[in-house]
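In the UniProt record's numbering, the protein residues as written are 1 to 259. First up is the structure itself, then whatever we jot down about it.
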């Protein structure tokens with residue numbers, strides 16, 4: 001049977017936020033918890049949603065957007081973020097770059113830097129920076145994911161754990177003022193934690209489309225990130241949470257005033 005109007009509203013909310021608790025859905029749609037549970041159970045049975053960590057998310061069997069498509073989406077915002085990050089990197093610095101479209105733009109913005117020491121799990125990012133201006137590029141091993149050519153798993157973790165670098169440049173699927181940074185896959189969260197623990201300074205790069213969203217898996221707390229670089233000034237609750245954690249905030253849109 002095709003989904004009812006209420007079920008379509010539930011799907012719309014989950015697609016927009018990435019992850020929703022049943023209580024949040026009930027509040028947003030102004031219906032009872034029992035109504036939400038009944039409709040969610042039907043959608044789960046149809047394979048349109050899956051239950052995860054006290055709520056629902058899109059099934060992992062649904063393909064994520066391709067890396068090429070994510071490079072196109074929000075291109076200008078990601079280029080602004082990348083320019084802010086690249087301005088802080090000195091020639092000869094060492095850095096981790098994780099596997100995301102935003103960090104790919106950071107790699108492009110570093111094209112004029114010299115003698116960088118780069119470790120990444122992204123075949124696409126490695127290709128951008130290799131054989132350029134005396135750079136040394138190290139690519140983590142393991143099986144590459146089909147949709148984004150990123151390497152995860154024990155081989156990649158063991159490899160990146162051998163390095164101690166100046167910067168770790170990371171991205172996330174969502175950021176929430178109460179939950180911190182979040183991702184869609186456990187392997188991404190574990191990989192991020194490894195990069196944070198093996199770098200002197202961690203930088204999170206994220207565009208405004210991820211603000212106050214949810215994803216099923218906690219990536220890291222604000223206190224684990226030294227600097228959050230974005231394109232627009234976040235919501236007031238998010239700015240306050242970042243400030244409370246002692247994390248610096250840089251937005252391309254305008255100067256952020258914490259006073």
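We put the beta carbon where it would ideally sit given N, CA and C, even for glycine.
Subject >> Three-state secondary structure (DSSP) of residue 50 >> reply: The residue given as residue 50 occupies position 50 in the chain shown. DSSP places residue 50 in strand when its eight states are reduced to three.
Subject >> Secondary structure, alpha helix (DSSP H): runs of 4+ residues fully inside the segment 113-198 >> reply: Counting only runs of 4 or more residues that sit fully inside the segment 113-198, the alpha helix (DSSP H) segments are 123-129, 154-160 and 186-197, in chain order.
**OP:** Flag residue 205 as yes when its Cβ comes closer than 7 Å to any non-hydrogen atom of the ligand SAH, and as no otherwise.
**Re:** The ligand SAH is absent from the structure shown, which contains no ligand whatsoever.
Original post:
With distances taken from CA atoms, which of 200, 228 and 9 is nearest residue 180?
Top reply: Position 180 of the chain shown, counted from the first residue, corresponds to residue 180. Cα-wise, what sits closest to residue 180 is 228.
Original post:
Thinking just about the alpha-carbon of each residue, which of 5, 253 and 212 is nearest to the one in residue 242?
Top reply: In the chain shown, the residue the question calls residue 242 occupies position 242. Checking every option, the nearest Cα to that of residue 242 belongs to 212.
Original post:
Relative to the C-alpha of residue 191, which residue among 210, 168 and 175 is closest?
Top reply: Counting from one through the chain shown, the residue named residue 191 turns up at place 191. Of the candidates 210, 168 and 175, the one whose C-alpha sits nearest the C-alpha of residue 191 is 168.
Original post:
Hey, is the segment 185-201 in contact with the segment 125-139, meaning 3+ C-beta pairs nearer than 8 Å?
Top reply: Counting Cβ pairs under 8 Å, fewer than three are found: no touch.
**OP:** Report the rounded CA-to-CA distance for residue 146 versus residue 233, giving the unit in angstroms.
**Re:** As a first step, residue 146 is located in the chain shown; it is residue number 146 there, counting from the start. As a first step, residue 233 is located in the chain shown; it is residue number 233 there, counting from the start. Here the alpha carbons of residue 233 and residue 146 stand approximately 34 Å from one another.
**OP:** Pull up the distance between the alpha-carbon of residue 62 and that of residue 240, whole angstroms please.
**Re:** The residue you call residue 62 lines up with position 62 of the chain shown. The residue you call residue 240 lines up with position 240 of the chain shown. Because the pLDDT of residue 62 is 47, which lies under 50, any placement of that residue in the model is unreliable, and the number read from its coordinates should be weighed accordingly. Annotation: residue 62 to residue 240 spans about 35 Å, alpha carbon to alpha carbon.
Subject >> Supposed close pair residue 107, residue 173 - CB separation, criterion 8 Å >> reply: If you number the chain shown from 1, residue 107 lands on position 107. If you number the chain shown from 1, residue 173 lands on position 173. Under the criterion of beta carbons closer than 8 Å, residue 107 and residue 173 do not qualify as touching, at roughly 19 Å.
Original post:
Between residue 38 and residue 114, what straight-line distance do the alpha-carbon atoms span, to the nearest angstrom?
Top reply: Residue numbering aside, residue 38 sits at position 38 when the chain shown is read from its first letter. Residue numbering aside, residue 114 sits at position 114 when the chain shown is read from its first letter. Whole-angstrom Cα-Cα distance: 58 Å.
**OP:** Ignore the nearest five residues each way along the sequence and tell me which others in residue 248's own chain have a CB closer than 6 Å to its CB.
**Re:** Position 248 of the chain shown, counted from the first residue, corresponds to residue 248. Setting aside the 5 residues that flank it on each side, residue 248 is surrounded in the same chain by 227, each with a C-beta closer than 6 Å to its C-beta; the list follows chain order.
Original post:
Comparing alpha-carbon positions, which option in 170, 58 and 105 lies nearest residue 21?
Top reply: Indexing the chain shown from 1 puts residue 21 at position 21. When C-alpha distances from residue 21 are compared across 170, 58 and 105, the shortest belongs to 58.
Original post:
Using the C-alpha atoms, what's the distance from residue 138 back to residue 260?
Top reply: What is shown of the chain runs 1 to 259, which leaves residue 260 out entirely.
Original post:
When you compare only the Cα positions, how much space is there between residue 47 and residue 75?
Top reply: In the chain shown, counting from the first residue as 1, residue 47 sits at position 47. In the chain shown, counting from the first residue as 1, residue 75 sits at position 75. Near 32 Å, if we compare the C-alpha coordinates of residue 75 and residue 47.
Subject >> Endpoints, beta strand (DSSP E) assigned at residue 57 >> reply: Walking along the chain shown from the start, residue 57 turns up at place 57. Annotation for residue 57: the continuous beta strand (DSSP E) segment containing it runs 55-57.
Original post:
Hey, how far is the Cα of residue 218 from the Cα of residue 148?
Top reply: Counting from 1 along the chain shown, the entry for residue 218 is found at position 218. Counting from 1 along the chain shown, the entry for residue 148 is found at position 148. Cα to Cα, residue 218 sits roughly 21 Å from residue 148.
**OP:** With a threshold of 16 other CB atoms inside 10 Å of the CB of residue 133, please say whether the residue is buried or exposed.
**Re:** In the chain shown, counting from the first residue as 1, residue 133 sits at position 133. Under the 10 Å beta carbon count, residue 133 is surrounded by fewer than 16 other beta carbons and is classified as exposed.
Original post:
Considering only C-alpha positions, which residue in the set 236, 246 and 230 is nearest to residue 80?
Top reply: Along the chain shown, one-based indexing puts residue 80 at 80. The shortest Cα separation from residue 80 among 236, 246 and 230 belongs to 230.
**OP:** Grab the span of the alpha helix (DSSP H) containing residue 88 for me, first residue to last.
**Re:** As a first step, residue 88 is located in the chain shown; it is residue number 88 there, counting from the start. Residue 88 -> no alpha helix (DSSP H), and no H or E assigned at all.
Original post:
Nearest-angstrom Cα distance between residue 257 and residue 250?
Top reply: One-based indexing of the chain shown puts residue 257 at position 257. One-based indexing of the chain shown puts residue 250 at position 250. Note that residue 257 scores 48 on pLDDT, short of 50, meaning its location in the model is unreliable; the coordinates nonetheless yield the value given after this. Going by the C-alpha atoms only, they are around 10 Å apart.
Subject >> For residue 81, the three-state DSSP class (helix, strand or coil) >> reply: Counting from one through the chain shown, the residue named residue 81 turns up at place 81. DSSP, read as helix, strand or coil, puts residue 81 in helix.
Original post:
Between the C-alpha atoms of residue 259 and residue 42, what's the straight-line distance to the nearest angstrom?
Top reply: By 1-based counting over the chain shown, the position of residue 259 is 259. By 1-based counting over the chain shown, the position of residue 42 is 42. In this prediction, residue 259 scores a pLDDT of 46, lower than 50, which makes its location untrustworthy; the coordinate-derived value is nonetheless stated afterwards. One Cα belongs to residue 259, the other to residue 42, and the distance between them is close to 49 Å.
**OP:** Give the straight-line distance between the Cα atoms of residue 122 and residue 156, rounded to the nearest whole angstrom.
**Re:** Here the question's residue 122 lines up with position 122 in the chain shown. Here the question's residue 156 lines up with position 156 in the chain shown. Cα to Cα, the separation comes out at about 11 Å.
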